[in-house]
Amino acid sequence: MKSYFYLLKKSMLLLFSLFLVYTIFFSFSKINYAQKQANNKLLTFLKYSSIKPEFIKFVDLNFNTLFSDYFWTLFVQEASSDKLAYMHYPYMYKISLITVKLNKRFNYAYQASGTLLGLAGKPKRAIKILKLGLRHMGTNWNIPFLISFNYFYNLGNYAKAAHYLKFAVNTKGSPKYLEFLYIKLLNNSQNFNKAKLFLETMYKNNKNPLIRHIIKVRIDAINREIYLKSKKIKYKIPYSLKLFLPKKASNK
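Per the numbering used here, the sequence shown starts with residue 1142, numbered consecutively.
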């Protein structure tokens, strides 16, 4: 009976692997075609599949990392697409969730998705991914720091931002300047300089050139806001920059 189930599982793995190879080839060719045709949709395996991480784990025979790497390539594709960035990364949350559920120790997947989803106006989803990371990668100070950033910068919830920043401060290996940022956060007043401090910390600790560029654009937007306010210049914020600036504080 055991050998029967083993053969069944092995057969399922073979079929799934063949299907995966086909979909990888198909999705990449479709994505290239879509980019040439200025199609705004990410034509991937995800679009027409409802396969869950739990199913992949059942058939993978310890190939979790292989499958998580495949979904990570989809994440990178979406993150590097200007058109999908304009659409606020419509597939990123699902791709990220599958990636980290397949590989719970995929540290960079937590950080990258927690950063980009937050900056794309989806902070609650970013926090959900990061809290999974906190459960499995609690010794990495970057994860509670990014949760704090999302609560502060995107949701205006200073109490929760301070709580998670304190968690980051107390995590072994965290930089000393986080203590200074934590003290500044405790006064519960919103200003652009604090938002800039958060972004500069993220910029300093992120090695990915694409994410660093996105963060740098937001820092430049805040610097422009600070300068124009200091000169008392009235201006309209371009639509493309509205996403880059901190939202108004909300104590709800």
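Even for Gly, the Cβ is constructed at its ideal location relative to N, Cα and C. Quick caveat, the model's predicted, so the values are computed rather than measured.
Length of the line joining the Cα atoms of residue i and residue j
| i | j | result |
| --- | --- | --- |
| asparagine 1311 | isoleucine 1352 | 26 Å |
| phenylalanine 1321 | aspartate 1361 | 22 Å |
| lysine 1373 | asparagine 1244 | 50 Å |
| lysine 1242 | glycine 1255 | 15 Å |
| asparagine 1346 | glycine 1297 | 23 Å |
| lysine 1317 | arginine 1365 | 28 Å |
| aspartate 1210 | glutamine 1252 | 15 Å |
| arginine 1246 | threonine 1280 | 11 Å |
| threonine 1240 | leucine 1369 | 42 Å |
| phenylalanine 1208 | isoleucine 1355 | 28 Å |
| leucine 1275 | leucine 1257 | 17 Å |
| alanine 1220 | serine 1371 | 34 Å |
| alanine 1226 | tyrosine 1344 | 19 Å |
| lysine 1177 | threonine 1214 | Low confidence applies to lysine 1177: its pLDDT is 46, below 50, so where it sits in the model is not reliable enough to give any reading. |
| leucine 1340 | leucine 1238 | 24 Å |
| tyrosine 1249 | isoleucine 1367 | 32 Å |
| tyrosine 1323 | lysine 1263 | 24 Å |
| lysine 1348 | arginine 1359 | 17 Å |
| glutamine 1218 | asparagine 1295 | 25 Å |
| methionine 1278 | tyrosine 1230 | 25 Å |
Reduced DSSP secondary structure (H/G/I, E/B, other) of residue i
| i | result |
| --- | --- |
| phenylalanine 1247 | coil |
| glycine 1274 | helix |
| glycine 1259 | helix |
| lysine 1325 | helix |
| asparagine 1311 | coil |
| serine 1237 | helix |
| lysine 1317 | coil |
| tyrosine 1344 | helix |
| asparagine 1364 | helix |
| asparagine 1283 | helix |
| proline 1350 | helix |
| tyrosine 1093 | The question about residue 1093 has no answer here: the residues shown for the chain are numbered 1142 through 1393. |
| tyrosine 1230 | coil |
| leucine 1202 | Because the pLDDT at leucine 1202 is just 46, under 50, the model does not fix this residue reliably, and the value given afterwards should be weighed accordingly. Leucine 1202: coil per DSSP, three-state reduction. |
Residue interval of the alpha helix (DSSP H) (run including residue i)
| i | result |
| --- | --- |
| tyrosine 1292 | First-last for tyrosine 1292: undefined, no H or E at that position. |
| lysine 1373 | Counting along the chain, lysine 1373 falls outside any alpha helix (DSSP H), and DSSP gives it neither H nor E. |
| tyrosine 1227 | 1223 to 1227 |
Whole-Å CB distance - residue i paired with residue j, under 8 Å assumed
| i | j | result |
| --- | --- | --- |
| leucine 1287 | leucine 1273 | Not quite, the Cβ-Cβ distance comes to about 12 Å (not below 8 Å), so this is no contact. |
| asparagine 1283 | alanine 1267 | That belief does not hold up - the Cβ atoms of asparagine 1283 and alanine 1267 are roughly 13 Å apart, past 8 Å. |
| leucine 1326 | tyrosine 1299 | 6 Å |
| alanine 1261 | serine 1289 | About 18 Å; that fails the 8 Å criterion. |
- Query: Three or more beta-carbon pairs under 8 Å between the region 1233 to 1248 and the region 1331 to 1345, yes or no?
  - Reply: no
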